[in-house]
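J.: Please see the structure below; I have some questions.
This is how it looks when you write it as structure tokens:
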């Protein structure tokens with residue numbers, strides 16, 4: 242941990258800075274399809290198929306995708322919920 246991060250951690254712990262105001266670089270909540278497939282390890286064709294059939298496979302109901310203009314983004318938390326539901330259906 243570098244010195245600046247260490248000082249920031251001490252300031253947060255000592256309540257000089259409210260915890261909700263501290264910037265922490267986290268992974269983005271929504272990713273475009275190409276970046277999602279590259280980052281998560283799915284093929285672009287597989288992701289496009291899921292999106293094409295999103296109403297029948299439950300992807301849209303899980304809140305795993307959203308359209309902004311002409312682009313479709315994958316919501317990471319929603320996608321993880323959808324995968325968990327798929328795993329539960331397969332186990333049953």
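Residue numbers (the numbering used here): 242 to 333. Where is the CB? At the ideal position from N, CA and C, for every residue including glycine.
#1: Would the beta-carbon of residue 315 fall within 8 Å of that of residue 277?
#2: May I ask you to list the residues that DSSP assigns as paired with residue 272?
#3: What's the call for residue 311, buried or exposed, on a 16-neighbour Cβ count within 10 Å?
#4: Which residues does DSSP pair with residue 324 in a beta bridge?
#5: Buried or exposed: where does residue 251 fall if 16 or more other Cβ atoms within 10 Å of its Cβ makes it buried?
T.: With the structure as the only source:
#1: Yes. Within cutoff.
#2: 315
#3: exposed
#4: None; residue 324 has no bridge partner.
#5: Residue placement at residue 251 is poorly supported in this model, since its pLDDT is 48, which falls under 50; the coordinates still yield a value, given next. So residue 251 ends up on the exposed side.
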